[in-house]
Structures are given as structure tokens and as C-alpha cells.
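To start, the structure itself, in C-alpha cells.
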Amino acid sequence: MDFFQNVDWSSILKDTGIILLKLIGIIAAFLIVKAIGRRVIKKMFQRLQARHSISTGRALTLQSLSLNVLSYTLIFIFIVMVFEVFGYNATALLAGAGVVGLAIGFGAQGLVSDVVTGFFLLLEKQIDVEDYVTIAGFEGIVEQVGLRTTQIRGFDGTLHYLPNRQIINVSNHSRGNMRALVDIGISYDDDIDQTIAILQEVCERIAAEDVSIVDGPNVLGVQALGASDIIIRIIAKTENGQQSAVERKLRKTIKEQLEANRIEVPFPHQVSIEKKSN
Amino acid sequence: MDFFQNVDWSSILKDTGIILLKLIGIIAAFLIVKAIGRRVIKKMFQRLQARHSISTGRALTLQSLSLNVLSYTLIFIFIVMVFEVFGYNATALLAGAGVVGLAIGFGAQGLVSDVVTGFFLLLEKQIDVEDYVTIAGFEGIVEQVGLRTTQIRGFDGTLHYLPNRQIINVSNHSRGNMRALVDIGISYDDDIDQTIAILQEVCERIAAEDVSIVDGPNVLGVQALGASDIIIRIIAKTENGQQSAVERKLRKTIKEQLEANRIEVPFPHQVSIEKKSN
Amino acid sequence: MDFFQNVDWSSILKDTGIILLKLIGIIAAFLIVKAIGRRVIKKMFQRLQARHSISTGRALTLQSLSLNVLSYTLIFIFIVMVFEVFGYNATALLAGAGVVGLAIGFGAQGLVSDVVTGFFLLLEKQIDVEDYVTIAGFEGIVEQVGLRTTQIRGFDGTLHYLPNRQIINVSNHSRGNMRALVDIGISYDDDIDQTIAILQEVCERIAAEDVSIVDGPNVLGVQALGASDIIIRIIAKTENGQQSAVERKLRKTIKEQLEANRIEVPFPHQVSIEKKSN
Amino acid sequence: MDFFQNVDWSSILKDTGIILLKLIGIIAAFLIVKAIGRRVIKKMFQRLQARHSISTGRALTLQSLSLNVLSYTLIFIFIVMVFEVFGYNATALLAGAGVVGLAIGFGAQGLVSDVVTGFFLLLEKQIDVEDYVTIAGFEGIVEQVGLRTTQIRGFDGTLHYLPNRQIINVSNHSRGNMRALVDIGISYDDDIDQTIAILQEVCERIAAEDVSIVDGPNVLGVQALGASDIIIRIIAKTENGQQSAVERKLRKTIKEQLEANRIEVPFPHQVSIEKKSN
Amino acid sequence: MDFFQNVDWSSILKDTGIILLKLIGIIAAFLIVKAIGRRVIKKMFQRLQARHSISTGRALTLQSLSLNVLSYTLIFIFIVMVFEVFGYNATALLAGAGVVGLAIGFGAQGLVSDVVTGFFLLLEKQIDVEDYVTIAGFEGIVEQVGLRTTQIRGFDGTLHYLPNRQIINVSNHSRGNMRALVDIGISYDDDIDQTIAILQEVCERIAAEDVSIVDGPNVLGVQALGASDIIIRIIAKTENGQQSAVERKLRKTIKEQLEANRIEVPFPHQVSIEKKSN
Amino acid sequence: MDFFQNVDWSSILKDTGIILLKLIGIIAAFLIVKAIGRRVIKKMFQRLQARHSISTGRALTLQSLSLNVLSYTLIFIFIVMVFEVFGYNATALLAGAGVVGLAIGFGAQGLVSDVVTGFFLLLEKQIDVEDYVTIAGFEGIVEQVGLRTTQIRGFDGTLHYLPNRQIINVSNHSRGNMRALVDIGISYDDDIDQTIAILQEVCERIAAEDVSIVDGPNVLGVQALGASDIIIRIIAKTENGQQSAVERKLRKTIKEQLEANRIEVPFPHQVSIEKKSN
Amino acid sequence: MDFFQNVDWSSILKDTGIILLKLIGIIAAFLIVKAIGRRVIKKMFQRLQARHSISTGRALTLQSLSLNVLSYTLIFIFIVMVFEVFGYNATALLAGAGVVGLAIGFGAQGLVSDVVTGFFLLLEKQIDVEDYVTIAGFEGIVEQVGLRTTQIRGFDGTLHYLPNRQIINVSNHSRGNMRALVDIGISYDDDIDQTIAILQEVCERIAAEDVSIVDGPNVLGVQALGASDIIIRIIAKTENGQQSAVERKLRKTIKEQLEANRIEVPFPHQVSIEKKSN
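Line by line, the protein sequences are chains A, B, C, D, E, F and G.
In terms of this note's numbering, the first sequence opens at residue 1 and continues consecutively.
In terms of this note's numbering, the second sequence opens at residue 279 and continues consecutively.
In terms of this note's numbering, the third sequence opens at residue 557 and continues consecutively.
In terms of this note's numbering, the fourth sequence opens at residue 835 and continues consecutively.
In terms of this note's numbering, the fifth sequence opens at residue 1113 and continues consecutively.
In terms of this note's numbering, the sixth sequence opens at residue 1391 and continues consecutively.
In terms of this note's numbering, the seventh sequence opens at residue 1669 and continues consecutively.
Shown next as C-alpha cells:
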């Protein structure tokens, strides 16, 4: 009985009151910050969607990821603060979580890096599904852009899975007109001016025929004085994806036209000085 | 006797009471968090299994790994908090464990990285057993996908063990149709149009015969004007795994058909200008 | 009733007063630092704009980025200090934010690095839109310089997206006059002095004709005694972008002029010692 | 005398009592944790031995390493806690040990990494003594697998010492059947069908003779249309280690059989167009 | 009224006094350290200027950078200490600044590294404007050395911008005499002694004519017994920048002199054993 | 006078007593730990010496290094603890030492890494003086193994200094028997069986003559069907260091013996199809 | 008045006394540690100078660097401790200095690394001025070894500046005798025994004539059976720097002597099988 009378009830009451006040404050702050955070994120994505004109699907994926990160961060801070209000030393909790987290984090560094890069890949328009790209040495058609990996279908049918952190320099071959380039080697004995005239004529004929050609083809002139031939270069600008077809057409027509004019693509030459064996 | 009377029993009792209360609080929190954590993990894997349609075996492996990580983390935090409640400075414990852990962790960084990557390899469907893949320069058939290592059987019979952290860019050759590609070189003296007609005929015949061909084969046209020959390219799309057989068949038939039409694959040419030795 | 009388109202009042005073101090400091910071940043950019003569658009982009960084930093510090004034242990808040921040920061390291480099790319004049540059192995015309990525249009039409952190060594081909260089191989039997005289004459004629040539072309002399020919080098300095055209013109004229003088570019030579098979 | 009377003996006694209690608690915890740790480790290795069927020698090596790590960690924590109980600030001790440890640890990072990898090399069955492997560019027979280094005897007799951290991708050539592969080049003038028939006959004869052949040999068909020859590929599956002997036998028999049928392996061909020197 | 009487005015006065005293101490320390720091830096640069004989412009640039770093560091410390004197927990401020600073710092690491290297580049005389250098694979004439970037004008007219951290190994071709080296191949049939005599004579004649030659040229002897020729090496030491001109002159004169003596540079040789086709 | 009476002498005495007690405790602990540490290290090296049979000189070098590290660590901890006992905040000392130490440590990381690797190089028997080794691309005879650097004398006389951290993969050519390997090319027209018989006879003769041959030489069979010759491989196992001499002897004898049997090593073959120029 | 009476003068006096005592203690410790440190460093360098026989100039450079590092470290610690004695929280000072220091330190890491390596380069004798070395791919004569950079004069006259941290593997060509190596190719038709006899005779003659030859030259035997020739190897050991001269002499004499004996170095051989074009 004496023990209970000795208990300092007033101080206990005060302590309890302070704890309750603090708890209320924390919960209030938590709810306010969460509400504001959600609104800020949603507005931000509405503006991003308007400015970058990304699809609604992509915007929702990114927004949901952002909201998740916000929630988990706030919950973690909330738990730590509640612990502390109740007088447990949260340092232990933090340190324990920190050590485990760091250990896994080191290993999962690549994962976070993937998601951060994936976030920007989805937000911007560097690559779209169906684009023909070269990334990290892999060439092909983009099949899927995800938060963690991007899939590229190589031209031989292989499906390449690239973690997004590997996507650094992107070479996109599906953005605007492409160049068609054909190098023709003629003999040192042939007349350069005549050859260029014939080539220019072929170019003009093809330019008239082929609607996928945007500009040219033009004969640039003597690109190099080679070991056995004189190289003459022709370039054209074509609609995206048509460059190979135009190059094949140019090669075939030029070969036939040069042949008709008795100008031949020369084989490698060598001067052979004969000497009798002694 | 005097000593014992001097002892402040009430404060000792109060301290003991507080310790007990705190212990009860910790154990309660521990049990609640563990139960919730287990339920959350299990639900998560049920959803993952449904969404990614991974096999039950894989799902159980991953779930058991996740539950283990949860348990060890909670036990570690539990021990640290109990120590603190009893008035031992847990910093020493933490620091000691931390230094040893960091030392080993640096060395075992690769191990954690392996397991994290392995987790996602099992979860996703980038590689399956029996797939023909190229990973980190090793080519072959996947024999086993584990949490720490993946085994690839090379075509010469060698068994390659790859730690999972080496599995970055995955090229999977067993996902969808593959391309068969044959380049044929003809002489500069041969008629391009005639040759293309013959090749196209062969292509149509083989397309009719071979059920493993999905699309083509088609003659693309003049791919290059080579040093001694004109290269003509043929491509087809075949069922997965049939591309080599189709290519071999195409090569054999084309060679025979060209021969029958007296069109030959030319050997390298060289113009030799003879000069007497002086 | 007794409880309320026991409450130490004076100390509560004093505590509240101190909290209020501290809050006022913090808010005052916050506003003053923000105002000073904004003014300092704005003045700095006015001076930068004057000194580097960067466009107003670029200067505003950079200034707005700097003001944003300032605001977010101050708000973060403000929140932490308010928390502390109210007696919550801000360490928990900080540690929580820190762990999450570090985890994301590791992954987003590339992003920050991009923006910092982008800041200096916009500020300085290393690359401008329309410049012909070689960066990180990619060659082409700069299409856009952004805070995060720079776009380079390759000559084959491909659009390369380079994150700014990849822009380390910049080779800008649009800064001042360029060199045209032509190497001519003549036979060991030809007279060097005569050849140089002919070449020099061609050079002078072209120098007179072509207004895009700034200096030269000059015949340097015997650059190498090759396996089958003597290499003679000619260089000129031309207006930016005209070097290829000048080189093509030089090659064509020299080839024609040498031919007119019966000096030929020699094919590879080989002495062939014949021996009967035994 | 007066001084000694002033001494607060009761508080000293109480302090001493608390110290003793704490010491007893620490020692008890130390002993319990050690005992439990030892039992857990031993059980774990018994299970590992059963599951992975590793040899008892290897299991004992690994178990003794684990027990040592456990002991040193516990002793270190024990010392730190005893220090703290006696009122010395263990932070100094920890920091001092930490700085020296970190300095050495940075240098010895490779060492720890070696041991961790060695641990798993001994536990798993990626490489065994007598295996023929390729690791980190070194090819040969494994002579010894240790905790720190692995020894590989190259085929030229050199002994390669590899620190275990270098053992990342393991290519083990002693796991299952191997492939024998022979490419035969025939002339463009030879009949493909006849050649394949002869080769198939040779294959069947050798398959009947040689018991080390598991599957095949089979003639796959026209592998390539080469510059001077048509390549025909033959593959077989043989018992491990017999692939080279089978390949040598195939080469010898095929050469003799083709010769008997007047089909020759063609030398490189070249078309030589002669032109008189002018 | 009662409340104000209760206020412990004497303690408030004392606290205020202590704060004032501390503030005065801090400001005094701040001013003294700044003055001393400025003087030390200025003296240091006077001495550096004297010892390294760097230009006054460079010295002022470096001195102003050093004074700026000193000022910003002192101001930062000053603010933190004032905060603490007023009883705000400066840890929050520090931690906040630290996290933001670290995040930016990681990204700006390259920037700091550039400036530190630039500091030493300006201080030392490794590269000067107008020097012909090879740095990080870029060759050309130094156009500008700045605190952050160095500009090198390539010989083809390209302007290379190198961040200073890329300037590690510097090869400076404008420091002292250079070597001219000419390798001459003669036939196996020619007499070595006679050839060397002729070459030596040419060397002496050119040495007498050309004032830019510092030492030599000398015939070293038989450098190699090549596949078709015997290589004889000649080297000379010339004034900086004249080596190419001397080499060209040597090549031309030697070629003419050898021709006059009927010694020819041999073409590649090959023994051709003829065999009839079977 | 009044002031001195006010001084609380008893508390001062008590404080001094506690300081003295603590000092005694520290010194005692210091001496005990040092003695135990020395004994442990010495015993460890005795056991190591016995187990690895390293020379006494090497063991003493390593033991003295270990004792030095122990002493410096203990002295550092001792100083820090004494400081703290006297009431100075040792954190300042530690932090100051730590910052300077870290700065130097980063730069000296390589140094520590060298010594740690050197420690194990001296302890183990991977390389001995006089061994013929290949390390980090340097090949030669080991001249000296030190704590920081290892010296290798290249076969051209160059002395290579390798910091020990560069010694990762060690290829030691002085450990056991070596292989002699000779590949002989014979003509497609020669009889394989007859050639192998002749080679086998040569092998047996040399095996009988040469005492440095441990096993073989044996004719393995047809190693490859080359472009112009059939490759036959012969291998032998010789005493360490004798492999080159045996290979030279084998080559000379085989060449002479094949010549005596009119079997010649064929030159490269080429089929030359002549065509008149049009 | 009342206020001043209330001041607790005795406690202020006591505090001041303690501060004074602590200050005296710190200054004493500072002076003692500095004196001991200077003496230790000086003795250490005397011993180093004796043991490594480095020049007095080098020793003084290194000693002065060591004394500077000692001074700056002690002054830094001294300032921090004085601050703390006066009751300022030195953590702020430390943290401020630390953040700035870390930021610069990251950038200046290379600088510290240079100085640490330079320290050991000056202390040891790996490279001396005038040595002919190959370091980090740069070959030439060492011109200067400094604390931060080493200068190497390439053989073409270029001056290479290498920061010392780049000096890892040092290949020093000026340490002891060098090897001269000459490979001679003879025809398959020549007699090996006779050729070796002639070569051996030449070797003996040159060994007698040339005093710079330490050992040999010796004919090793048949080094390789080449495509068109049999390679015979001759090696000698010469005084440092004479190897090239000896090799040139050997080549010239051997060529003349073989010619006198009608043994010729063969040109590449090829069997040419002629076939009419069809």
C-alpha cells in the first residue's frame, strides 16, 4: 500500500499527457504531409503529361511509383518517431535496419539504378516501342520499355533483355530522314568527267522514279584515290526506313548503266616484276 | 543490516516495472510486426505468381528467402533492443557487429549481388531452363537457374557456371521466330536480273516444301558491289531453332540451281600487270 | 482539481515563450537567407551573361534551376529546425530521409551528374546547336543541348541521345578554319622534282580559283618512301566546312594533270621469282 | 580519518554490485550465445554436407573457419562490453581499432574477398581437383582448391596460382559428354550429294568402331559457301575427354576416303587477269 | 504580475552576457584567422611566382581562387558557430547542408577535380599556349589553358575541349631538340658497305647545308634483315619543329643519290613455284 | 582565504583517486594485452614456419612486421584513453588524426595493399627467387621478393619492378615438368601413315638419347587439315627448363629425317586461274 | 549591485582555473609531442639514408615534407582542442572543415596519391635520372624525378610528364647486362649443320673482337620451322646499352658471311597451281 502511495501519479499523468500530445502532433503532421505530397505529385504528373505529351498509361505507371515511394518513406519515418515518443531508443532500430538495408542496398544498387533510369525512359521520348535503335552494342527493334528492363528484338530474331542502367547512349534510327550512301570504284583509265555525268543521269532518273527519296541522290565527286580504283561517292536523303532499298536500287542501276557505257568496276591490280630463279 | 535498509527498494521496484513493461512492449511489437510481415510477403507472392505466371516451385523458393530475411532482421533488432532495455550500451554490440559485418560484407558484396539478381531472374521470365542464350559472352543452353549461379551448357559440351551478378544483358535466342540469311556472290559478268529470277524461283520452291518457314525466303537485291563479286542477299523467317537447317538447305539448293544455269560463285580476282625485271 | 493546481504553469509559459522566440528567429533567418540567396544568384547570372555573352534564354534556364535548388535546400533545413524546436528528435527524421535519399541517390548519381555537366554546357560555349562535333565516339550535328541530354544527329540520319555526363572530351569541328590534306603516290621511276613542279602549279591554279581556300595549298615534299610508291603530301587551309570539297577538287585536278604529264599513280608492285616445281 | 568517514561507502558498494551483476550478465550471455552459435553452425554443416554431398574433409575445413569467425567476433564484443562496464569509454577503443582496421581492411579487401569466394568454392561442386577448366583466361587441370588460392596446371606445364576472387565465370570441361566437330572443305566442282554420301558412310563406320562416341557422327550439310571451297560440317557427341581423339580419327579417315574417291580438299583459288605493262 | 516576478532575471542576464562574450570571441577569431589566412596565401603566391617564374596574370588567377575558397570556408564555419551560440542545434543545419551538398558533390566531383588539376596546370609549366602536345590521345597545338578546361587545336583544324581532369600524362613535343629518323630498305643483292658509304656522304652534305640540324645525321647500320630488303637506319637531332622538314629532305636526297648509284629500294619479293593443275 | 576554504577538497581528492585508479587500470591492461599479443604472434609464426616450411629469414621479417603493427595500434589506443581519463575530449584528437589519416590513407591505399599482398607472398611459396614466372604480363626470372615490390629480370635484361598489389594471377613456369610441343606440316600428297611411322621412329630415338625427357615424345595424329598442309602434332614431357632444348632437337631431327624420306614441309599453295585481259 | 553580489565568483574562478590548467596541459603536450616527433623523423631519415644510400639532397626533401605534415597535423589538433577548452563546440568547426576538406579532397585525391608515390620513388632506387625506362607505355630517358611528377624524354625528343601515381610497373633497362638477339632465316634446301657451323664461327670472331660482349654470342639451334624458311636463333649478353650495336654488327657480319658461303635468306615462297579459265 505504501508503495502505491509513493508513486508520483501526477508526473506519470504529465508524462502520459505529453506522449499523447506528441502522438497527435506526429499523426497530424503525417496526414498533412501525405496529403500535400500526393497532391504535389499528381499535379506534377499532370503538368509533365501536358508538356511532354506522354501517354496516359505511362503517366499513371510513373505516378503510382512516385506515390509508393512517398508512402513507404513516410511510414518509415512515422514508425521511427512513434518508437521514440514511447521512449525506446530508435537508434537501435535505425542502425539495425540500416545495416541490413546497406548490405542489401549494395547488392541492389543496380536495381535502383535500373528503376531511376527506367523512370526517365518512360517519361521522355528517347525510345518508343517499334523504334529501330542501337543501345549498348545491341541493334534491333524496341519491343517493350519497362521500369526495370527494356526488350530489343535483334534482326536475327534474338530477344535482348537490357537492364535500364545499361541504356546510356541511345542511337535511334527512327527519328527523321536517313541517308543512302553508295561508293563506286572506277578504273584509273576511265574518264572521271564522263563517269560523273553518267552517274548524275542515273541519280536524276531514280530521284524522279522513287517517291521515298527526299533529297538527291547527288554525286559528291572523287572521294579517294585508291590502290586500284578511283572512288566516287553518291549520297541521297530518304524517308526513314527506305535507305537500304534506295541503296540497293542505286547499286543495281549504276552497275547496269556503267556496263552499258563500258565502264567497269576494276578488280585489285598488282604490278608483277618477273625474275628468273638463280 | 543498515546497508540493506538504505537500499531504495521503491526505486528498484519502479525500475524493474519499467523494464518489464518495455520488454512486454518490445515482444508485442516484435510478434505483431513479424505476423504482419509474413502475411504481407505471402500475399505479395500470391499476387506475383498470378501476374507473372511463374511456377509454384519458383514462387516458394523466393517466398522462403524473403521470410528468412525478414526473420533475421527482426531477431537482430529484437536482440539489440533487449540489450538496451537491460541498460547495456548496445552501441558497443552494434559497432562490434558492424565492423566485422562490414569487413565480411565488402568481401561478400558479390554474393549479395548474386542473390538479388538471382531473385529477379527466378521471378521474371528472361531465361528458362532449355533456352538457347548468350550471356556475358557465353553461348549455350541454360541448364539451371539458381539463387547464386546459373549454369549454361556450351555447344562444345563445356558447362559454364555464371554467378548471377554477371547476368546483365541477356540475349535469348529461344523467343519467337528467327531469321535465316544467305548471301550469294555472283560474277560481275553475270546478269543481275536473270540471277535474281533464278534465286526467287528457288526461294518459292523451298517456301512451299519446308513447313518450318514462317515468312519468305525473299531476294532483297544487290547488297554490295564487292571486290570480285556482286553480293545478293536472301532472307527468310523460320520457326525458332530451324534457321540453321533452312540456311543449309537454301545454300545447297541455290548452289545446285545456279550451277545448272551456268552461273558460278566467282573466286577472288586480281589484275596482274607483268613487267620484265631490269 | 488538485492535479491542475500542481501543474507548473509558469514553466509551461516560459517554455512556450522560448519556443515562440525560436520560431520567430528561424522564420526571420529563413526569409533573410532566401532573399539574400535569390539576389546573389540573380546578380551572379547577370554578370555571367555579360561575361560569357550567353543567350538570355540559356541564362534564365540556369537561373531558375539555381533558385529551385536554393528553395528546396532552405525548405528542408527549415522543416528540420521547426521539428527540433517542438522537441521532436529530428535525427529520426533526418536518418529516415537520409537512408531513403542515399538509396535513391546512389541510383540517381548519374542524373545529378548529368544536370551538373549540363549546367556548364549551357553556360559555356563548347557546343552550340548546328555545330559539327565528335563526342564520346559519336559524330554529327548538334540538334539540342538540354540539362539532362544532348542530341546529336549522325550523318547517316541516326539521332544519338547522349546523357550529359558522357560529354567529357568535346571535339568541335565548327571552330575556325580546317585543313584539306591530299596524299599522292608516284612511281619510283618518276622524277620527284618534275612531279612537285606540276603539283605546285595545280595548287596555285586552284588557290586562285577557289575563294574558300584561306591558305595554300602547298606541296610539303616526300612524306614517305612506300613499298611501291613515293608519297607526296599537299595541304591547304580552308574555310570551315569546305575542306572536303577542296580535297575532292584537288584530287580530281591532280589526277588529270598528272595523267596529262604521263605520271601515273602506281599499283602495288611485287617481284616474282619463278621456280619450277620439283 | 575525516576523509574516510566522508566516503559514501554505500554508493560504492551499490556501484560495485551493479558492475558485478552486469559482468555476470555479460559472461552468461557470452557463453550462451557461443554455445548456441556453435551448435547452429555444426547443424548447418551437417545439413549442407548431406544436401550437397561434399566430402567430410571439405566440410570440416569450412566448419572450423565458421567457428573461428564466430569466436573472434564474440571475444571482440565481450572485451568492448567489459571495458564499458568498468566505466572506460569504449568509443576510444573502438575508434582506434576501427581506424587501424579500416586502413588494413582497405588493403586486405582482396584477402577477405578471396576467403568468401573460397568458402563457396569448397562448398559447391563447380570445380574439383582433376577437372579440366577455363577460368579467367587460364586453361588447365585443377591441382588444388584452397581457401585463398586455386592452382591450375596449364597444359604446357606452367602452374597458375589464382586468388579465389578471380574465379568468377567458371567453364568446366569435365562435366558430361563433349562435342567433336570437323569442318571439311570441298571444291565447287565436286558433287555435294556424292560427297555427303561418302562422309556419312565414314561416319557410320567410325560410330560402329569407336565405343567412346555417344551420339553421331552426323553430316549436318553445307555450312558455308567459302571463297574457294564449300564447307561441310560433321559433329559427334563423345565421352568426356575423348573429343580430340575422335576428331583426329575422323580427320584422318575422311581425308583418306575422299582421296580414294578422287575428291580433294581445294587450295585457295584466285582468278588472275593478265595485262601487259604499258 | 506574479509571473514576471518569478522570472529569473539574473540568470537571463548572465546567459545573455555569455552569448555576447562568445559572439565577440567568434567574430574576433574570424577576423584574425581571415587576415592571417589572406596574408599567408599572398606570401605563398609571391614565393611561388618567384620560384616557378610564372606570369603575374596566372599568379593572380590562382591567388584569387585561393582567397575565395578561404572566404567561403570561414563564412560557413562562422554561420554554423553563430547558430550554435544562439542555442539552435546546428547539427540539423549541417546535416541538411551536408546531404544536399553530398548529392551535388557526387555529381560535381568531376568539376572539383578539374579545378584542382587546372590549379597545378597554371602553376607549373607542363603546357604553355602554342605548345605542340599529345594529351589523352588528342594531338595538336594548345590554344588556351583554363581553370576548368584546356583547348587543343588539332592539325585538321578541329578544336578539342579537354576537362582538366583528363590531363594526366602530358607529352610535350615543344621542349628541346627533336629526332629525325629515316629507314631505307636496300636489296639483298646490294653491297652494304658501299650503300652505307653513299648514305654517310649524303648525311654529311645535308648536315653542312641545313642549319636546323643540331647533331648528325648518322647512319646507324643494319637495323633489320627484312622479308625482301635490308633496313638501314639514319637518325639526326634537329631544332624543335624542324624534324619533319629534315626527314623530307633526307628522303628526297637519299632516293636521288641511291638512284644515281643504281641502288634501288626493292619491291616485296616472292618465290613462285609453278605446278601444273592435275 | 575564504575561497580556499570553500574548495571541495574531498571531491578533488576523490576525482584524483579515480583518475589514478583508471590510469593504473589502463597501464595494466596495456601491458597485459601487449604481452599476450606478442606471445600469440610469435607462436603463430612458429606454427606457420613449421607448417609452410618457410625460411627463418622470411618468418622473422613477417613476425617483426606483425609486432610493429601491434605496438603502434596499442600505443595509439593508449594515448587516446589517457587523454580521456584526464578529461580532454579525445574526439577532437581522434577526428583530427582521422581526417589527416584518411586523406593520406586514400593516397597510400596502394601502399597498404602492397604490404598486405607482400606479407602473403613471403608467407606462401607461390614465387621464389630464381623462379621463371609470368606476372601481370611481365615474363622473366624473379630476382627479389620484398614487402612492397617484387623484382623480375626480363629475358632481354630489363629489370621490372612490380608493386606487390599488381601480383594477382601468378603463372610459375618452374613448378614441375614442362611440355615440349612440335607441329609438323606435311603435303596433302604424302602418305599420313608412313609419315607418322617415320615421326614415331624419330621420337623413340630421341627419347632413348635424351635423359631430360620424362615422358614421350608421342605422335598425337592429324591435328588439323590446313589450307596447304596436314598438321601432325608431337608432344613430350621434359624436366623443368629443358622444354626449349628438346623442341629444338626434335625440329632439327624431324626435318632431316623427313628430308631423307623425301617428305617435304609444303609451302603455301594457291590455284591460279588465268584469264586474258579484255 | 544586487546582481553583482549574486554572481557566483568562486565558481567562475574555479572554471577559469580549470581552463588555464587545461590550456597549460595542452600546450605542454603539443610541445613535447612536436619535439619527439621531429626527433623521431630525423633519426628515421638518418637510418634510411644509411640503409638505402640515397643522396643527402633526396633525404632532405623527404625529411622536410615529413616535418611539414607533422606540423600541420599538430597545429590542426591544437586549434580544435583550444576551441573546446573555451567551450565552443568544436564539432561545428570540425564538420565545416571536414565537408570542405572532403569536397576538395575527392578532387585532390590524385594529388595526394602522386606525393605518396613520389615519396617512395625518391626514397628507393627504382629510377634514377639518366636511366632508360619504360613506364605506363612511355619509353625514354628519365630527366627528373619530383614529388608530384616525373619527366621522361622520349627518343623522338618529346618530353613526357607523368604524375607519379601513374608510375606503377617500372621497367628499367639500365640495370645490368642486356641481351642481343638475332634470328636468321635460311632456306629449307640449305644444310642446317653447315649453316650452324658458319654462324658459330662468326659468333666466335665477334666475341673476340668486341669488348662490350659479356657472354656469347651462341647459336641456340632451330627456333622454328617457318612457312618459307628455317629460323635459327643467336643470343649474346652485352654490357648495358651496347645491345643494339652488337645486334647491328651481328646482322651485317652474318649476312656477308652467309653470302660468301652461298647461303641466302629466302624470300616468301608460294606454290602456284595454274589452271586455264573456263
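For each residue, glycine too, the CB sits at the ideal point set by N, CA and C.
Report the residues of the region 244-271 of chain A with a CB closer than 7 Å to any CB of chain C, ordered along the chain.
H269, Q270 and V271
Three-state secondary structure assigned by DSSP to Y1522 of chain F: strand
(request) Could you name the residues of the same chain whose beta carbon sits closer than 6 Å to that of D131 of chain A, not counting the 5 residues immediately before and after it, in chain order? (result) V142, N172 and S174
| message | Under 9 Å, Cβ to Cβ, is there at least one residue of chain F near M1669 of chain G? | response | Low per-residue confidence applies at M1669 of chain G: pLDDT is 46, beneath 50, and the placement is therefore not dependable, though the value from the model is reported in the following sentence. Not one chain F Cβ lies under 9 Å of M1669 of chain G.
Rounded to whole angstroms, what is the Cα-Cα separation between G226 of chain A and Q756 of chain C? Computed Cα separation, rounded: 22 Å.
**OP:** Assuming I1032 of chain D and N1095 of chain D form a contact by the criterion Cβ under 8 Å, report the distance between their Cβ atoms to the nearest whole angstrom.
**Re:** 6 Å
Exercise for the section: Would you check if the region 544-554 of chain B and the region 513-529 of chain B touch, i.e. whether three or more CB-CB distances between them fall below 8 Å? Expected result: no
Original post:
Any idea what DSSP makes of D1327 of chain E, helix, strand or coil?
Top reply: strand
Requested in this report: Identify the contact partners of N1646 of chain G in chain F, using a Cβ-Cβ distance below 9 Å as the criterion.
Outcome: What is shown of chain G runs 1669 to 1946, which leaves residue 1646 of chain G out entirely.
Measuring only the C-alpha atoms, how far is R1623 of chain F from L1571 of chain F? Their backbone Cα atoms lie some 7 Å apart in a straight line.
Next on the checklist: Measuring straight from C-alpha to C-alpha, what distance separates N1052 of chain D and C1037 of chain D?
Outcome noted: Here the C-alpha atom of N1052 of chain D lies approximately 7 Å from the C-alpha atom of C1037 of chain D.
D1017 of chain D by DSSP, collapsed to three states: which one?
strand
Which same chain residues end up closer than 8 Å to K1702 of chain G when comparing Cβ atoms and leaving out the 5 residues on each side of it in sequence? If we look at K1702 of chain G and ignore the five residues flanking it on each side, its Cβ neighbours are L1738, S1739 and L1742.
(request) Hey, could you find the ends of the alpha helix (DSSP H) T158 of chain A is sitting in? (result) Neither: T158 of chain A is in no alpha helix (DSSP H) and is coded neither H nor E.
query = Looking at R603 of chain C and G1269 of chain E, is the spacing between their C-beta atoms short of 9 Å?
reply = Contact: no.
Exercise for review: With V1560 of chain F as the anchor, note down where its beta strand (DSSP E) starts and where it stops.
Suggested key: From DSSP, the beta strand (DSSP E) with V1560 of chain F extends over V1560 to N1562.
Next on the checklist: If we define contact as Cβ-Cβ less than 9 Å, is T1906 of chain G a contact residue for chain E?
Outcome noted: no
Item to check | Contact set for E1351 of chain E: own chain, Cβ-Cβ below 7 Å, skip 5 residues either direction | outcome: N1289, S1324 and V1326
**Interface residues of chain F facing I1860 of chain G [CB-CB closer than 9 Å]** = K1642, K1645 and E1646
**Report entry** K1923 of chain G classed as buried or exposed, judged by whether at least 16 other C-beta atoms fall within 10 angstroms
**Finding:** buried
Review point. How is V758 of chain C classed by DSSP in three states: helix, strand or coil?
Key: helix
- request: My understanding is that Q1256 of chain E touches V1245 of chain E, with C-beta atoms under 8 Å, so please give their C-beta distance in whole angstroms.
  value: So it is not a contact: roughly 13 Å between Cβ atoms.
- prompt: CA-CA distance, V916 of chain D and A1248 of chain E?
  reply: 57 Å
State the CB to CB distance for the pair F1466 of chain F and I1416 of chain F, rounded to an integer number of angstroms; the pair is presumed to be in contact (CB under 8 Å). No, F1466 of chain F and I1416 of chain F are not in contact; Cβ-Cβ is about 13 Å, not under 8 Å.
How should A863 of chain D be labelled, buried or exposed, when 16 other C-beta atoms within 10 angstroms of its C-beta is the threshold for buried?
buried
Practice prompt. Just confirm the distance between the C-beta atoms of L1512 of chain F and T1446 of chain F, as a whole number of angstroms; I'd bet it's less than 8 Å.
Written response: Going by Cβ atoms, the distance from L1512 of chain F to T1446 of chain F rounds to 12 Å, so no, they are not a contact pair.
Worksheet item: Under 9 Å between C-beta atoms, does P163 of chain A make it to chain B?
Response: yes
Check: With 16 as the cutoff for other CB atoms within 10 Å, does Q404 of chain B come out buried or exposed?
Finding: In this structure Q404 of chain B is buried. Its beta-carbon is surrounded by 16 or more other beta-carbon atoms within 10 angstroms.
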